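Structure record follows, encoded as structure tokens.
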Amino acid sequence: MTEKPRAEPRIGFDSGPAGGWGSAKSVTGIVLREHIPLSGPSLLLQQNKPDGYMCVSCAWAKPAKTHPLEFCESGAKATAWEITNRRTDEAFFAAHTLRELEGWLDHNLEEQGRLTRPMRWDPASDKYVPVTWETAFEEIGRELRQLDPATVEFYTSGRASLEAAYMYQLFARIYGSNNLPDSSNMCHESSSVGLPESIGATVGTAVLSDFENCDCIFYIAQNVATSSPRMLHDLQDAVDRGVKIVTFNLLREPGLERFVNPQAPGQMLTGKETPISSEYYQVRNGGDVAALFGVCKALIEADDAKSAVHATNVSGSDAEPKDESAAAVAFAASMAAADKKHVLDHDFIAEHTAGFEEFAAAARAHTWDELERVSGLTRRQMTQAARTYAASDAVLLIYGMGLTQHVMGVQNVQMVANLALLRGNIGKPGANICAVRGHSNVQGQRTVGITEKASLVPLDKLAELYQFEPPRWEGHSTVDACEAILKGETRGFVSLGGNFVRAIPDTEAMEAAWQTLRLTVQIATKLNRSHLIHGEVAYLLPCLGRLEIDQQATGPQAVSIESSVAHFHGSRGRAAPASPHLLSEPAIIAGMAKATLTRGAVPWDQWVADYSRIRDAIERTYPETLKAFNERLFQPGGIPRPVPARERKWVTSNKKANFITPPRLFPDFGEGAVADGVLNLATLRSNDQFNTTIYGYTDRYRGVDGTRQVVFVNEADIARLGFAPGDLVDLTTAIDPQTERQVRGFRLVAYDIPEGCCAAYYPEANPLFPLSHHDPKAKTPSYKLLPIRFSRSHTVPIQ
Ligand SMILES: Nc1nc2c(c(=O)[nH]1)N[C@H]1C(S)=C(S)[C@@H](COP(=O)(O)OP(=O)(O)OC[C@H]3O[C@@H](n4cnc5c(=O)[nH]c(N)nc54)[C@H](O)[C@@H]3O)O[C@H]1N2
Ligand SMILES: Nc1nc2c(c(=O)[nH]1)N[C@H]1C(S)=C(S)[C@@H](COP(=O)(O)OP(=O)(O)OC[C@H]3O[C@@H](n4cnc5c(=O)[nH]c(N)nc54)[C@H](O)[C@@H]3O)O[C@H]1N2
Ligand SMILES: [Mo]
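Numbered by my numbering, the letters in the sequence shown go through residues 411 to 1209 in order.
Below is the structure:
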């Protein structure tokens, strides 16, 4: 049965806590729908286990001491989706033109099941027709050789293994291109740009044991129950130890409020719920710089007052502290009662950091009025968060897309670092920064060379190992690639997974420009929209998924990934391949490389025959990061990657951890005002999707069932704009007025979200985002902040 949107959607139901029976039901539903082979459920027992396979869903840490079932609702769905019994075979393609399939919904395309054979687009019939692998490689090679390498893009989604990613970037560079845009450009690029300046790390510093050693967690702009549910175990254990969880989120997310562990029978039967957040602050989207500045201001001013109290006590005078702010004095007094000298860790600041005075001056200078207006929080709330922060010895700071996908994404991330540095909350047990990654190996791909930034790659090493002269120019990020496509400069696009045209901004303009490409090559497991909008010569190459047995000349192969907490893990596929015609990603990359390249000494065939040789090559390229890679591949808990900031070694230009002061609180396109009809839109995920893969139409946590064409708005704003909940509206972008960007027929859902803000689902809302609307340094699209307007709709929702 294909899941269809309901004719009459159900909205506003209470789903119960995160996890719980709702989660169990949701997993059972998809397992039945996908006709999973009988071995499916037992396969799940191997998920994320030291000798098993690493889940293809999110990148959350894989513990050494596992739970009996180390998978979650999301992971089980991703597994079911990959090992489904359904097939998108040649009969399917013979029955449908691509023009017809373009009218299908994302869900219905992928729901057809796994791709089974290499296919080539036939212009005469507008259909994909089967070809042999030899023909495909031969023609792709011929086409690539005829193109200027600088006009070809090699995109990577974050799922491919370290082995495939290393081969892919090497293929691109030997071919002559550094154009390696990846999904990370749209995801944690703000971290990759922001953290190196602040603390000299390209990734978060947190490790799993920090959850056992912290006494407070600041949980910012990440939706754990939907996006990384296995982390709920770690949060629950922390809460059970009395750890305070202070949450900053745009929405009231039920999944951040309470949790029932679906894997603990006792809890399931008694319905025992663990409250997750002890303090919940609903910040406006784009208000985090102001909110975190508020917390820092409260800390700094309390410290100022405390120092004054301390100085007067020492000198025997009983003069009042200079700062007259009652809250700050009360805060300072409570700190004095706790018998702590200072609110800030001055020793850490003096020994380890630079830029404190400038930052503190900026914090003192921002007025509370301004901080309250921009953040949407009250001074009391920001001061309360500061108190909790100051009363804790080790604070773990966790964040996600609600911070990175912003015009001020880099500054958002750097504010988290600033807050950490004020009390030395980095590089000690329990105190670190945790950037929660999305795709299961997105972090690892960067580690082995998937990046457009040539300066981050050991090019000399590659030159020496493979005897070629690598290109030295800066390649294209995702936004750069889109710009080049729009200008007609790009001729070829090779995609290692993903759904590029659905994931990027400016859908309409990009889809039109996309069709001017000469060559598109899509390596994929399932059919999606990016395969339908294609170049003149278009190939769809089906590959094995990570869960499948990857049989090569020397036997079944293992691959590896890196988790969100920078540990490497081996993974062995266990399921029978979906079709005998599938090749592994390393084999497909090798096939294309051999057919294309006329230089470079790479033993492609030997690598494909035995992946441990690829790992040896990775180790030779990155000897510090991946020592004894093969020997330690299946080490329980994974191979830790050295992250110097974890040891308080700062690999920055001044060898210090830097306070970096954002020059402003909000982007310069203005805060918008409902009075002018402008609201700020954020895009979100549901628990029934993985990025552009839509499993179904239920958002259990937010109480929406049967449609994804909704927009969550504060009830007062709905009334103020003259609408009622349930009304259909069109959304129009309120910046860059030269181009009209609109999506139609979205249902208004009254939701607990600050006034002036609204939220809709990704990818349905992507046509609204101008390509130019991104962080200027990181080029991460501002998917969490876009001014829009509503108008009454006369369009019937298509889903
Ligand atoms: N089930 C499921 N799991 C996934 C994915 C999926 O699509 N589905 N995708 C994977 C990928 S690639 C990624 S990157 C991660 C993403 O996981 P998350 O980082 O959780 O990303 P989102 O769900 O997009 O949004 C996160 C939260 O940010 C909040 N938010 C939005 N704007 C703001 C803001 O300006 N300030 C604050 N403080 N909060 C804000 C939203 O309310 C939402 O709760 O998840 C991964 N895991
Ligand atoms: N508006 C808005 N846009 C966003 C975001 C947002 O929050 N809001 N989030 C952004 C983020 S964080 C990300 S990471 C990107 C995601 O962008 P992408 O990574 O490009 O997209 P996915 O939806 O993850 O890709 C799904 C496709 O990957 C293919 N696939 C699945 N498994 C495999 C495999 O093992 N091998 C291969 N070769 N292919 C496979 C399938 O064909 C599937 O259709 O989207 C970004 N776009
Ligand atoms: Mo992501």
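C-beta: ideal position from N, C-alpha, C; glycine also.
Fair warning: this is a prediction, and the values are worked out from it, not measured in the lab.
A contact between stretches requires three or more CB pairs, one per stretch, nearer than 8 Å, and the segment 934-947 fails this requirement with the segment 1024-1042. For Cys626, the beta-bridge partners assigned by DSSP are Lys654, Val805.
Of the candidates Ser535, Asn1090, Pro1164, Ile998, the residue whose Cα lies closest to the Cα of Tyr1193 is Asn1090. Ranked by Cα distance from Ile971, the first of Gln556, Pro606, Leu525, Lys472 is Lys472. DSSP places Phe1179 in the coil class of the three-state scheme, outside both helix and strand. Contact annotation: Ser587 and Ser567 have beta-carbon atoms that are not nearer than 8 Å. The segment 550-561 makes contact with the segment 1001-1012; the number of CB pairs closer than 8 Å reaches 3 or more. With respect to the C-alpha of Gly1106, the residue from Ser1096, Arg1112, Phe481 having the closest C-alpha is Ser1096.
With a cut-off of 7 Å, the C-beta of Arg1095 is classified as near ligand 1, since at least one heavy atom of the ligand falls inside that distance. The beta-carbon separation of Thr1102 and Asn909, rounded to 4 Å, stays under the 8 Å limit for a contact. Leu1158 and Val1114 do not touch by the CB rule: their CB atoms are close to 12 Å apart, not below 8 Å. With 6 Å as the limit, the residues whose C-beta approaches a heavy atom of ligand 3 more closely than that are Ser593, Cys597, Gly848, His849, in chain order.
The criterion of a C-beta distance shorter than 8 Å is satisfied by Lys1189 and Glu599. Listed in chain order, the non-local C-beta contacts of Gly837 below 8 Å within the same chain comprise Thr615, Ala1055, Arg1056, Glu1057, Arg1058, local neighbours out to five positions each way being set aside. Annotated three-state conformation of Trp491 is helix, per DSSP.
Approximately 7 Å separates the beta-carbon atoms of Pro1072 and Met825; this is inside 8 Å, confirming the contact. Contact between Ala913 and Thr930 is ruled out by a C-beta separation of about 15 Å, above the 8 Å threshold. C-alpha of Ser602 to C-alpha of Gly955: approximately 28 Å in a straight line. Within 10 angstroms of the beta-carbon of Gly834 lie 16 or more other beta-carbons, which makes it buried. Judged by the Cβ position, Met811 qualifies as a neighbour of ligand 2 at the 7 Å threshold, a heavy atom of the ligand being closer than this. Gly885 is positioned such that its CB atom lies no closer than 8 Å to that of Leu1181. Within the DSSP secondary-structure output, Phe903 pairs in a beta bridge with Glu563, Thr930. Put simply, the segment 688-703 touches the segment 785-799. At least three CB pairs are less than 8 Å apart.
Distance between Thr1062 and Tyr809, taken at the CA atoms: about 22 Å.
Taking 8 Å as the upper bound for CB-CB distance, Ala488 and Val437 are not in contact here, some 11 Å apart. Within a 10 Å sphere around the beta-carbon of Ile1104 sit 16 or more other beta-carbons, which makes this residue buried.
Look at Ser567: its beta carbon is less than 7 Å from one of the heavy atoms in ligand 2. Setting aside the 5 residues that flank it on each side, Asp532 is surrounded in the same chain by Val539, each with a C-beta closer than 6 Å to its C-beta; the list follows chain order. Beta-carbon to beta-carbon, Val867 and Lys1187 are separated by about 19 Å, too far to satisfy the 8 Å threshold. Trp883 sits exposed, since fewer than 16 C-beta atoms from the chains shown fall within 10 Å of its C-beta. Per DSSP, Ser1201 is one residue of the beta strand (DSSP E) stretching across 1196-1202.
Trp531 carries a strand assignment under DSSP once its states are collapsed to helix, strand and coil. For the pair Tyr1111 and Thr636, the CB atoms are nearer than the 8 Å cut-off.
The segment 844-860 makes contact with the segment 566-581: 3 or more CB pairs, one atom from each, lie closer than 8 Å.
Here Cys1168 is near Val1121, since their CB atoms are less than 8 Å apart. Taking C-beta atoms as the reference points, Gln579 and Gly859 count as a pair closer than 8 Å.
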